[in-house]
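Start counting the sequence shown at 122; every next residue gets the next number (this note's numbering).
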Amino acid sequence: MHLFALPSIPPLYVEWLHAMAGHMEIHLYVLNPCAEYWADIVSERRLALLAERGEDAGHEVGNPLLAAWAGSTRTYFATLVEAFGDHQEDDPSAFPASPGDTLLAQLQNRILQLEDLAPGSLSLCSEDRSLEVHVCHSLTRQLEVVVDRLLGLFAADEDPATRLRPCDVLIAVPELETAAPLVEAVFAGLPESRRIPYSISGRARRHSEGAARTLSDLLALADSRLEADAVMALLALPLVLRRFDLDAERLDRLRDWVSASGYRWGADAAHRERLSLPGAHSNTLEDGMDRLLLAYLMPATQVEPVLTGQLPAAGVLDPPAQDLAALAAYSDALLALLKATAAPLDASSWATLLDGLFDGFMAAQTNGSDLEELAQTRSTVRDVCAAMRRADATVARPLSVVRAALEAALTDPARGGVPTGSVTVAALSSLRGLPFRVICILGLDDGVFPHVDRPADFDLMAQVPRPGDRQRRADDRNVFLDHLLAAGEFLHLSYTGFSDRTNAPLPASAIVDELLDALVPATVSAELTAEARAKACEAQRARLVLAHPLQPFASEYFLNVDPRLQSFDTELAEALRARYRRD
Numbered sequence: 122m123h124l125f126a127l128p129s130i131p132p133l134y135v136e137w138l139h140a141m142a143g144h145m146e147i148h149l150y151v152l153n154p155c156a157e158y159w160a161d162i163v164s165e166r167r168l169a170l171l172a173e174r175g176e177d178a179g180h181e182v183g184n185p186l187l188a189a190w191a192g193s194t195r196t197y198f199a200t201l202v203e204a205f206g207d208h209q210e211d212d213p214s215a216f217p218a219s220p221g222d223t224l225l226a227q228l229q230n231r232i233l234q235l236e237d238l239a240p241g242s243l244s245l246c247s248e249d250r251s252l253e254v255h256v257c258h259s260l261t262r263q264l265e266v267v268v269d270r271l272l273g274l275f276a277a278d279e280d281p282a283t284r285l286r287p288c289d290v291l292i293a294v295p296e297l298e299t300a301a302p303l304v305e306a307v308f309a310g311l312p313e314s315r316r317i318p319y320s321i322s323g324r325a326r327r328h329s330e331g332a333a334r335t336l337s338d339l340l341a342l343a344d345s346r347l348e349a350d351a352v353m354a355l356l357a358l359p360l361v362l363r364r365f366d367l368d369a370e371r372l373d374r375l376r377d378w379v380s381a382s383g384y385r386w387g388a389d390a391a392h393r394e395r396l397s398l399p400g401a402h403s404n405t406l407e408d409g410m411d412r413l414l415l416a417y418l419m420p421a422t423q424v425e426p427v428l429t430g431q432l433p434a435a436g437v438l439d440p441p442a443q444d445l446a447a448l449a450a451y452s453d454a455l456l457a458l459l460k461a462t463a464a465p466l467d468a469s470s471w472a473t474l475l476d477g478l479f480d481g482f483m484a485a486q487t488n489g490s491d492l493e494e495l496a497q498t499r500s501t502v503r504d505v506c507a508a509m510r511r512a513d514a515t516v517a518r519p520l521s522v523v524r525a526a527l528e529a530a531l532t533d534p535a536r537g538g539v540p541t542g543s544v545t546v547a548a549l550s551s552l553r554g555l556p557f558r559v560i561c562i563l564g565l566d567d568g569v570f571p572h573v574d575r576p577a578d579f580d581l582m583a584q585v586p587r588p589g590d591r592q593r594r595a596d597d598r599n600v601f602l603d604h605l606l607a608a609g610e611f612l613h614l615s616y617t618g619f620s621d622r623t624n625a626p627l628p629a630s631a632i633v634d635e636l637l638d639a640l641v642p643a644t645v646s647a648e649l650t651a652e653a654r655a656k657a658c659e660a661q662r663a664r665l666v667l668a669h670p671l672q673p674f675a676s677e678y679f680l681n682v683d684p685r686l687q688s689f690d691t692e693l694a695e696a697l698r699a700r701y702r703r704d
């Protein structure tokens, strides 16, 4: 058995591996941030506490960042040594030094060699941008800043052999579900000339526009008042649009028809009565479709009610039969679903109904990636139905219960993030330790990262912690260290440092402060006087920390006030040029 690069293994599974080792060979390949023995290093605060107790013998700080951030890895190593003994094989070639003399490479090598960050031990030249901290007014602005940063890096090297490619870039965020809509808004809104291919990896499946999202929205619609806006929003999803042979242009026409039909909410009078509301037929989906069909059947000059006392939909003149048939088929499918889910069903009935929804409402491209997600979502639905059968196949369960079970199953990302052939956007913890030439960590705000641990009062694990128990804040610090060591050429950090309403300063994550507090003094010579040293530290900190204006159209981005503030937005540049011409 070969286990590669697991960041940690719970003690229970370590015991299991130890038992298995008596029957087979087990090889553990573990990522070690340091080439030296570092099991006894502690943070400065911890060392002071041990010294006060007289227990500091054999302990040292070593590298302050390694001592402060690698606590989870150190505990993990101790657990492995305790279980298997100290029989690791250290290959010297497995600890290569970072090439180059950039600030990032120097810092990585100091950690690798367990060297202290003494004053003057690091050099920072004026052109070195390998490690920077960007301060913005919101997460959206952080994304806009990182777009310009990447465009600058892509344009910096024209050599096809060495130039940066999108697949060499990782954008990591602490809260992926919060950031994902903003990522799509910023990256998808770029014009073709500045388009950067990107992929959001590791997001819960129901938040995409694939089969999981379609199924989730469909069941939510069946369990709702069936508002007209929600009905048309479901029809706009790619899989549903393709199933009913529609496109965006024809969908806009259907929206206008639905509005003109008077349909607002409810399937029919019976549906409204089930919701404990007056059972009026007017303004329901059934009523609206009747009026649209009358608009197709009756002449435009008809002004008197006919047949059921209804008038044709106003303003819908000679609607194309193909479009009206697609809308009618979609409407009939929705009405059939509401009728089928009006009463609780047993496990077999739910399995048949849910499986039919894929064919009734979804059509995947034969050569598209949504085929795989469709198969995965079908598999998830079958698993949930199998669980219902195992519990009790004869119990009738309402839609709300089945929907909650499916939501929980579809929300779990299961596979986490994976590198892609484009710029990969993922959660901080999902791709830790994987090498990328450029790693951008966004959202390093105070209280957001590291995550705040607030265990419940009845949490016995928190009251009596044991080695190997998960500690979220310690894990987050270790994740940040892993990303710092995995960055090949550039590490871009950013956080929301100003209020977008009052411009009041906001604190950064403790991780950022710890990094700068260790890094800045190490770039200043120890031979300076105290006053000169303070001024030099302030200047070096300004070199590493860059504050951005509130708006992307600020003149600082286009007037070369600071070469690090550079925008590639040609439209804003033209607008600013026109303004200066008028002035």
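C-beta: ideal position from N, C-alpha, C; glycine also.
- Distance check between W378 and each of R334, L438 and D389 places L438 closest, using alpha-carbon atoms only.
- Here the C-alpha atom of C506 lies approximately 12 angstroms from the C-alpha atom of T515.
- The residue among P628, A696, G310 and L614 with its C-alpha nearest the C-alpha of L291 is L614.
- If you draw a straight line from the Cα of G387 to the Cα of L406, it is about 6 angstroms long.
- The continuous beta strand (DSSP E) containing L252 extends over residues L252 to C257.
- Residues D567 and P571 of the same chain have their beta carbon placed closer than 8 angstroms to that of A631, with the five preceding and five following residues left out of the count.
- Linking F674 to Y701 through their CA atoms gives a straight-line distance of about 13 angstroms.
- Segment contact: the stretch 596-612 against the stretch 211-225, three or more CB-CB distances shorter than 8 angstroms; contact assigned.
- Nearest neighbour of D366 by Cα position, chosen from L520, M483 and C658, turns out to be M483.
- For V569, same chain residues with a beta-carbon under 6 angstroms away, outside a window of 5 residues either side, are P295 in chain order.
- By the C-beta density criterion, F308 is buried, having at least 16 other C-beta atoms within 10 angstroms.
- Counting of Cβ neighbours within 10 angstroms places E253 among the buried residues, the total reaching 16 or more.
- Excluding sequence positions up to five before and after A442, its CB lies within less than 8 angstroms of the CB of Y417, all in the same chain and listed in chain order.
- Inclusion of Y678 and V256 in the CB contact set at 8 angstroms is not warranted, their separation being larger than that value.
- With contacts defined by Cβ atoms closer than 8 angstroms, L297 and A508 do not form a contacting pair.
- Taking C-alpha positions only, A332 is separated from D338 by approximately 10 angstroms.
- For A218 and N153, the gap between their C-alpha atoms comes out near 13 angstroms.
- In this structure, DSSP gives V267 a helical state, which the three-state scheme calls helix.
- Residue ranges of uninterrupted beta strand (DSSP E) with 3 or more members, entirely inside the stretch 261-320 and ordered along the chain, are 290-294.
- F601 and W190 do touch by the CB rule: their CB atoms are close to 6 angstroms apart, below 8 angstroms.
- With a cutoff of 8 angstroms on beta-carbon distance, S164 and A188 are scored as near each other.
- A direct Cα-to-Cα measurement between A529 and A354 gives close to 22 angstroms.
- Judged by DSSP secondary structure, C561 falls within the beta strand (DSSP E) whose first and last residues are F557 to I562.
- With respect to I147, L138 sits close: the two C-beta atoms are nearer than 8 angstroms.
- Under DSSP, A668 takes part in a beta bridge, and its partners are V256.
- Taking all protein chains shown into account, S251 has 16 or more neighbouring C-beta atoms within 10 Å of its C-beta and is therefore buried.
- A distance of 8 angstroms or more separates the beta carbons of G436 and D408.
- No residue range can be given for E648, since it is assigned to no alpha helix (DSSP H) and is classified by DSSP as neither H nor E.
- Take the alpha-carbon of R364 and the one of R524: they are about 23 angstroms apart.
- At a Cβ-Cβ threshold of 8 angstroms, S322 and T545 count as neighbours.
- With 16 or more other Cβ atoms inside 10 Å of its own Cβ, E610 counts as buried.
- Here the stretch 274-281 makes no contact with the stretch 634-652; the two share fewer than three CB pairs at distances below 8 angstroms.
- Spatial neighbours of P240 in its own chain (CB-CB distance under 7 angstroms, excluding positions within 5 residues in sequence) are listed in chain order as P642, A643, V645, S646 and A647.
- Contact check for T541 against C288 passes: the beta carbons are separated by less than 8 angstroms.
- Between L520 and T462, the CB-CB gap stays under 8 angstroms.
- Restricting attention to L565, N184 and R346, the CA atom closest to the CA of I232 is found in N184.
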